[in-house]
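Below is one structure, written out as structure tokens; the observations come after it.
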Amino acid sequence: MDRTYNQFCATARTLDLVGERWTLLIVRDLLTGPKRFSDFQNSLRGLGTGLLAARLKHLEREGLVRKVTLPAPARTPAYMLTEAGAELAPAVLALARWGMKWAMGERREGEAFHGGWAVLGLRACFDAEAAHGLRAMYEFRVGDEVFHALVQDGTIDTQHGPAQRPDAVIETDDEVLVDMAAGRTTFAEAVKERRAEASGDPAALGALYGIFRIPAPEERAIPGVG
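When you line the sequence shown up against UniProt numbering, it's residues 1 to 226, in that order.
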């Protein structure tokens with residue numbers, strides 16, 4: 001039997017569904033599109049095969065995830081979010097924004113990092129007001145990862161894979177993203193230091209610096225420390 005907080009409370013009921021360890025990270029990965037079992041194994045290092053299968057089965061049973069078959073040429077079994085699962089996006093993005101400000105700090109020894117996680121990170125850092133009136137397609141190349149973001153008048157859609165007609169192309173590596181997340185550098189500084197390259201339409205590139213804003217990291221006040 002699944003564990004429960006046994007409270008008639010919306011927050012408690014939600015945590016009954018997605019509060020177990022690894023569950024929200026599975027949802028995080030699915031927010032960028034369908035994933036095969038092997039995709040989760042590559043992204044969620046440390047999550048055993050048996051526990052991954054159990055978590056997916058739980059999410060499927062609770063109506064948050066469903067099985068699909070990827071289109072040709074893959075034609076392989078995969079998982080995707082249902083409507084209910086997809087509506088967890090604002091909560092996951094809010095956790096990401098909070099984490100950038102209050103929880104990231106320095107990368108710890110042994111911590112995994114995938115450039116592809118920035119697909120969701122772009123949504124978390126997106127400033128809709130600053131993007132009002134802008135239409136631009138951005139392609140990001142981070143090591144072996146390629147993804148793109150379509151910005152249209154204050155909205156953003158991010159997907160894995162190359163863009164068909166990118167207005168601007170940004171190339172960098174995992175370490176630059178780690179430094180940006182830790183607050184040690186900005187994208188503009190990385191370009192200036194030649195740790196990143198940006199090419200394409202000058203207007204799209206100029207807007208890039210203002211529409212993605214990583215919250216400045218802050219220290220949590222810990223009683224008795226400092």
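C-beta atoms are modelled at their ideal positions from N, C-alpha and C, and glycine is treated no differently. Source: prediction; values computed, not measured.
- Rounded to whole angstroms, the gap between the alpha carbons of residue 180 and residue 187 is 7 angstroms.
- In terms of Cα proximity to residue 154, the closest of 174, 222, 81 and 210 is 210.
- DSSP places residue 5 outside both helix and strand once states are collapsed to three, so it counts as coil.
- A straight-line Cα-Cα distance of about 16 angstroms links residue 156 and residue 205.
- Counting C-beta atoms within 10 angstroms of its own C-beta, residue 35 has 16 or more neighbours from the protein chains shown and is therefore classed as buried.
- When rounded, the separation of the alpha-carbon atoms in residue 160 and residue 81 is 16 angstroms.
- Scanning the stretch 141-186 for uninterrupted beta strand (DSSP E) segments of 3 residues or longer gives 145-152, 155-160 and 168-172, listed from N- to C-terminal end.
- In the three-state DSSP reduction, residue 77 falls in the strand class (E or B).
- When only Cα atoms are considered, residue 175 and residue 149 end up about 21 angstroms apart.
- Separation of the CB atoms of residue 95 and residue 62 is rounded to 19 angstroms, and the pair is thereby denied contact status at 8 angstroms.
- Comparing C-alpha distances from residue 151 to each of 133, 170 and 216 shows the shortest one belongs to 133.
- Rounded to whole angstroms, residue 12 and residue 77 show a C-alpha spacing of 32 angstroms.
- Excluding its 5 nearest sequence neighbours in each direction, residue 112 has C-beta neighbours in its own chain below 8 angstroms: 45 and 46, listed in chain order.
- The C-beta separation of residue 27 from residue 88 comes to about 5 angstroms, placing the pair in contact by the 8 angstroms criterion.
- Here residue 68 is exposed: its Cβ has fewer than 16 other Cβ atoms, across all protein chains shown, within 10 Å.
- Your pair residue 163 and residue 199 does not check out as a contact, with CB atoms roughly 13 angstroms apart and the cut at 8 angstroms.
- Residue state for residue 194 is assigned as coil, using DSSP reduced to three classes.
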